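Step one of this worksheet: look at the structure below.
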Amino acid sequence: MTWDEPKCSSCEFAAGKCGYKNQNSSLPVGCFGIPLPYHKPRGKIIALSLGLSGLFLFVLSMIIFIKIRKKTNKEEEENLLKIEEFLENYNALKPTRYSLAEIKKIASKFKTKLGQGGYGSVFEGKLANGIQVAIKILDISEGSHNGDEFINEVGTIGRIHHLNVVRLLGFCVEGSTRALIYEFMPNSSLDKFIFEDGKADDKLNHLGWDKLQEIAIGIARGIEYLHQGCDQHILHFDIKPQNILLDHNFTPKISDFGTMGYIAPEVFSRNFGTVSYKSDVYSFGVLLLEMAGGKKSTEIKRDHDGNEIYFPEWIFSRLNRGEDLGNQLEAEDINIVKKLAMVVLWCIQWNPVDRPSMKDVLRMLEGSTENLLMPPNPFASTSTTKTAISSSTNRMHEIELTVIVED
Numbered sequence: 001m002t003w004d005e006p007k008c009s010s011c012e013f014a015a016g017k018c019g020y021k022n023q024n025s026s027l028p029v030g031c032f033g034i035p036l037p038y039h040k041p042r043g044k045i046i047a048l049s050l051g052l053s054g055l056f057l058f059v060l061s062m063i064i065f066i067k068i069r070k071k072t073n074k075e076e077e078e079n080l081l082k083i084e085e086f087l088e089n090y091n092a093l094k095p096t097r098y099s100l101a102e103i104k105k106i107a108s109k110f111k112t113k114l115g116q117g118g119y120g121s122v123f124e125g126k127l128a129n130g131i132q133v134a135i136k137i138l139d140i141s142e143g144s145h146n147g148d149e150f151i152n153e154v155g156t157i158g159r160i161h162h163l164n165v166v167r168l169l170g171f172c173v174e175g176s177t178r179a180l181i182y183e184f185m186p187n188s189s190l191d192k193f194i195f196e197d198g199k200a201d202d203k204l205n206h207l208g209w210d211k212l213q214e215i216a217i218g219i220a221r222g223i224e225y226l227h228q229g230c231d232q233h234i235l236h237f238d239i240k241p242q243n244i245l246l247d248h249n250f251t252p253k254i255s256d257f258g259t260m261g262y263i264a265p266e267v268f269s270r271n272f273g274t275v276s277y278k279s280d281v282y283s284f285g286v287l288l289l290e291m292a293g294g295k296k297s298t299e300i301k302r303d304h305d306g307n308e309i310y311f312p313e314w315i316f317s318r319l320n321r322g323e324d325l326g327n328q329l330e331a332e333d334i335n336i337v338k339k340l341a342m343v344v345l346w347c348i349q350w351n352p353v354d355r356p357s358m359k360d361v362l363r364m365l366e367g368s369t370e371n372l373l374m375p376p377n378p379f380a381s382t383s384t385t386k387t388a389i390s391s392s393t394n395r396m397h398e399i400e401l402t403v404i405v406e407d
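Going left to right, the sequence shown walks through residues 1 to 407 as the UniProt record's numbering numbers them.
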C-alpha cells in the first residue's frame, strides 16, 4: 500500500493550517483557517471624511457667528447704556421721551412719508394734543448713528430754544430704534421757493424780495445764536436751502445738524485755515447767493465778451463796475438784491480771516446798502482756486473735524 504525503505547501503559503478533515488519518487532507481577502471600504471612508469636514465647518461657522453676535450685542448694549446715562443727567427742559408703540401711534403707523436721506426717513404725525409733528426715524443699519451721535443730536438740539432753530419735541430710544420728533413745518424747505426750475409756477415759488430778506435775516439770527447765544458754541456744518424749514408764516427754522452741506475751503484742506465758526459763515454766504440769484451756486454765466464765468465771480465783476445784476426790478428791490449780493461776497472770502462773524453779517443785513463797503475780490487767485471753491459746494466729505472756536 502506498501513502501520499499531504499537499500542504499551497495551504501554508496561503496562511492556512493543513490537516486531516477528522481524527481518522485515512481521510483526505484539508486546509483550514485561510483568512478572507481584505478590501478597504473606500466609499465609506470618503463619506465619513466629508461628513466630519462639513460638521467641522458648521461648528466653526456657528462659533464665528456667535462671537460676532455677542460683539454686536455688546456694542448695542454699551450704546444704550451710554444713552440712558446721558438721559438720566439731562435737565428738566429735556424733550419728552416716547416708547416705540407711542411713536407708531403718533405717526399713524408711518402712513405719510415726508422725505428720506442718508440719516433715515421722515414721517408726518400728530401728538395727542393735536399738534402736527415731523418724526425722523434714524437709520442705524450701517452704524451711522451710534450712541455718541444720538447723544450729540439730542443734546445739541434739545437745549436750543430759538425762533429760528427747529425745536426738538421728543425722542425714542428702544432696542435698535432711534427716533426724533420735531415741530412740523407746513411750508417745507427753502429750496422749493428760490430756484427757477421748481415744479410749481415760478411766480408762486418766488416769495418776493422783502420776504427773502426777512428769511435771510432770520437764518442769520439762528446761526448767530448757535455761535454765540448758547452755553456752548455750536457749529452747524450743513447750512443749505434744504435744511432751512419754513413755518406757516415763512419764518425760517434751521434743521439737520452735523452733515456736510456747502463746504468751506478750510474744511477739506487745512492749507486755507482752521475750521471754526467762519466755516458756517461761508456756507451761509453760498446759501444767500442762491437766494439772491435764484440759481445754483455752481451755475455758469457769460461776461461782456461772451466768455463763461463762475456765477459768484460774475456778481463781483458787475458790482465792482457799479452795474446791477440784470434783474428787472423796482428800485427798492434792486437795493435789497445788491445788499444780499455784497453780503454774499463778504461771506465767501477764500481766507477765513477775511470773513465777518455772523454778528457782523446780521448787522449788514439789517442795515442800509449805502453803509456797506465793497468787499475784496474773493477770486483774485488762480483758476485752480476757483475750481476748488466750486466743487466744494457740491461734494459731501467724510472728514474728521477738529473744531477750533475763535474768540
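C-beta atoms are modelled at their ideal positions from N, C-alpha and C, and glycine is treated no differently.
In this text the structure is predicted, and so the values were computed from the model without any measurement.
Only residues of its own chain outside the window of five on either side were considered, and among them Gly170 have a CB closer than 6 Å to the CB of Thr96, listed in chain order. CA-CA distance, Ser317 to Asp231, rounds to 41 Å.
CA-CA distance, Lys94 to Ile137, rounds to 19 Å.
Less than 8 Å divides the Cβ of Gly222 from the Cβ of His162. For the set Leu246, Asp238 and Ile239, the Cα lying nearest the Cα of Leu212 is the one of Leu246. For Trp350, the closest C-alpha among the options Asn320, Leu340, Tyr282 and Ala292 is that of Tyr282. Phe237 is the residue among Ile254, Ala292, Gln242 and Phe237 whose C-alpha sits nearest the C-alpha of Ser279. In the three-state scheme derived from DSSP, where H, G and I count as helix and E and B as strand, Thr112 is classed as coil.
Under the three-state reduction of DSSP output, Leu100 falls in the helix class. Separation of the CB atoms of His233 and Tyr277 is rounded to 7 Å, and the pair is thereby assigned contact status at 8 Å. Closest in C-alpha terms to Gly229, from the list Met358, Met62 and Pro378, comes Met358. Under the three-state reduction of DSSP, Gly367 is assigned to coil, being neither helix nor strand. Out of Leu319, Ile239, Asp210 and Gln132, the CA that lies nearest to the CA of Glu332 is found in Asp210. Distance from the CA atom of Leu319 to the CA atom of Gln242, rounded to whole angstroms, is 28 Å.
Taking the Cβ atoms as the reference, Phe250 lies roughly 12 Å from Ile194, outside the contact range of under 8 Å.
Each of Arg321, Val343 and Glu77 was checked against the Cα of Leu365, and the nearest Cα belongs to Val343. Rounded to the nearest angstrom, the gap between the Cα atoms of Glu370 and Lys338 is 10 Å.
Between Leu288 and Glu78, the alpha-carbon positions lie close to 42 Å from each other.
In chain order, Leu246, Asp247, His248 and Phe250 place their CB closer than 7 Å to the CB of Asn187, counting only its own chain and leaving out the 5 sequence neighbours on each side. In the assembly as shown, Val353 is an exposed residue. Its beta-carbon has fewer than 16 other beta-carbons within 10 Å. For the pair Ser49 and Ile63, the Cα-to-Cα distance works out to about 21 Å.
When beta bridges are read from the DSSP output, Ser189 appears opposite Leu245. Setting aside the 5 residues that flank it on each side, Ile336 is surrounded in the same chain by Trp209 and Gln213, each with a C-beta closer than 6 Å to its C-beta; the list follows chain order.
Check the Cα spacing between Leu80 and each of Phe123, Gly54, Leu60 and Ile140: the tightest is with Ile140.
If you check the CB distance, Leu325 and Pro378 do not come in under 8 Å. Comparing alpha-carbon positions, the option among Leu168, Ile151, Asn164 and Phe284 lying closest to Gly158 turns out to be Leu168.
The Cβ atoms of Glu124 and Phe56 do not sit closer than 8 Å to each other. Of the residues assessed, Ala134 falls on the buried side of the cut-off, its CB having 16 or more other CB atoms within 10 angstroms.
In this structure, Leu100 sits near Glu174, with a CB-CB distance shorter than 8 Å. For Ile160, the secondary structure class from DSSP, reduced to helix, strand or coil, is coil. A distance below 6 Å between beta-carbons, with the five flanking residues on each side excluded, links Leu207 to the following residues of its chain, in chain order: Phe193. Note on Gly293: 16 or more other CB atoms within 10 angstroms of its CB, so buried under the neighbour-count rule. In the three-state DSSP reduction, Lys67 falls in the helix class (H, G or I).
Here the alpha carbons of Lys253 and Ser176 stand approximately 29 Å from one another.
When DSSP states are grouped into helix, strand and coil, Phe237 belongs to the coil group.
If you compare the alpha carbons of Leu340, Glu313 and Thr156 with that of Arg363, the shortest gap goes to Leu340.
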